[in-house]
Every structure is written in structure tokens, then in C-alpha cells.
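Read the structure below first, then the notes.
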Amino acid sequence: MASSAFRAAGQTAARTSRYRNATQGLNDLPTTCLQLRNLPRTATPADLRRLCATMKVENIDNVTIDYDHGVPSGRAFLTTTKPQFTKDAVKGLRNGVVGGHLIYAHPIASIPIPFERGRGSRGRAEAGERGIVNGNGPGAGLARTDESRSVIITGLPISLSQDRIRAFVKSFNIDAGEGGQLDVVRVEPSSKLSATRYIIRAKTKAEAHRIVRRLHMTYYKPEHHGGKFLLRARIIY
Numbered sequence: 001m002a003s004s005a006f007r008a009a010g011q012t013a014a015r016t017s018r019y020r021n022a023t024q025g026l027n028d029l030p031t032t033c034l035q036l037r038n039l040p041r042t043a044t045p046a047d048l049r050r051l052c053a054t055m056k057v058e059n060i061d062n063v064t065i066d067y068d069h070g071v072p073s074g075r076a077f078l079t080t081t082k083p084q085f086t087k088d089a090v091k092g093l094r095n096g097v098v099g100g101h102l103i104y105a106h107p108i109a110s111i112p113i114p115f116e117r118g119r120g121s122r123g124r125a126e127a128g129e130r131g132i133v134n135g136n137g138p139g140a141g142l143a144r145t146d147e148s149r150s151v152i153i154t155g156l157p158i159s160l161s162q163d164r165i166r167a168f169v170k171s172f173n174i175d176a177g178e179g180g181q182l183d184v185v186r187v188e189p190s191s192k193l194s195a196t197r198y199i200i201r202a203k204t205k206a207e208a209h210r211i212v213r214r215l216h217m218t219y220y221k222p223e224h225h226g227g228k229f230l231l232r233a234r235i236i237y
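Take 1 as the starting number for the sequence shown in full-length UniProt numbering and just add one per residue.
What follows is the structure, encoded as C-alpha cells:
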């Protein structure tokens, strides 16, 4: 057991060394942007702001989680209020731990801009039907106003139409969104084997959290399908 522990420690040290070598020279980059890596999928912007407070990292402006087809990628993007604060932020976050994960921070030139999609309920729905909504990038590529009030749901039957999904969610007395109906968009799968994912935009952040509480780790219509369709729901930050 001791040899396993030493081996694990050695592997961690090697990864840290490779990371530092790969990012050497980036610390002097004049930028307000930095990236965090090796985050747990459960990490939220609030967790990262608490980490900054714990590590006494100040002058943080914005915190955004990065997504890959609607799933947290283990990365996040932070911005500082001025470029001169970025180097201190990177140094201050060194050896930071979130959810048992040792994180890595380094400056980047800019935060990736997600692919532009149609605006408004109809535009987003049409984009989803065309497979343009891929759920990638900061905030899963959603508009800033949609973050924290959008929910991604996996586990629904693949044959369901958007109207049936909308009716299913509204059956839990969830407030309708823009235009009097919930905005439901299918996320482009990352592979043929990926689970079907849908993004539902709630009217408010509180309603988004209600959707998660009502649906997460429950079964879709168990009276008809039993335990065949286990649902998972999470907020997109």
C-alpha cells in the first residue's frame, strides 16, 4: 500500500512539473483572463469565489464554468479587474484545492467566445433542430442572461419531441418562460453513444433550481416505463 501511495505522489508531482513547464512564460502575459484546470464536475462559480477568498485572491471580476456538450469540462475561466492583478491571482491560486482536486491556474490571452446562435425562443429552437446548439464553451455557449437559469437534463427518451418535454416539465408547476412557454433545445451529442441532452431555460434562477430539485435522480413517468429512464438535471453556470 505504501508503494502505491508513493507511486501516486510521484505521478502527481510529474503532472505538476509537466504543467509548469508547459505554462512557463505565460505568467507575464498582459491579460485579465486566466484558466483553471482539473476542477471537479460539481464545481460552481460560488465554489471558485470561495476558493479565491480562502486563498486571499482579490480583484476577481467574473467566473465562468467551461462545458463540453453540456457537461462541465473540468475547466473554468476567471477575469481580473485589471491586467496587473492577473499574475497575483495565478500565484495566489497555486496549490488551491476544490472538492479534493488540486487545481492549476494560468493566464490566457482571452476567453473563448462560443459559437453565435439564434436569439429568442424560436431562434434557439430552430438552432437546436439544426444541431447548432452544441453546449460547448463558457456557460455552455449560452447568452450571459441565460446562465444560472438554464438546466441541462439527460436521460429522457430519445423519441420525445420538444413539445412533450415542455409539457412534462410544466406538469411540475414550473413557470413558463419567454412567450408563455418553456424554451427547450436539444444539445448536439458528442458521439453516437452519447446520452440525449436537453437544455431548458427557466423564467428565473429560482425556477431553474426547482426544476433540478424536482427532476434530478428521478425516473421519467415510472408508471409507464418503470425504472428505464433515470433523469439527471444540473444548473448551467
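Glycine is no exception: its CB is placed at the ideal position from the N, C-alpha and C atoms.
- In the assembly as shown, E207 is a buried residue. Its beta-carbon has 16 or more other beta-carbons within 10 Å.
- In the structure shown, I158 adopts coil according to DSSP, grouped into three states.
- Taking D61 as reference, the option from T54, P40, F85 with the minimal CA-CA separation is F85.
- Three or more pairs of CB atoms, one per stretch, sit closer than 8 Å, so the segment 229 to 237 contacts the segment 201 to 220.
- Between Y104 and I153, the gap from beta carbon to beta carbon reaches 8 Å or more.
- For H224, there is no enclosing beta strand (DSSP E); the enclosing alpha helix (DSSP H) has its first and last residue at 222 to 225.
- S161 and V185 have their C-alpha atoms roughly 10 Å apart.
- A straight line joining the alpha-carbon of R94 with that of R166 spans about 44 Å.
- Residue burial is scored here from C-beta neighbours: A46 has fewer than 16 other C-beta atoms within 10 angstroms and is therefore classed as exposed.
- Looking at V63, P157, P83, the one whose alpha-carbon comes closest to that of H225 is P157.
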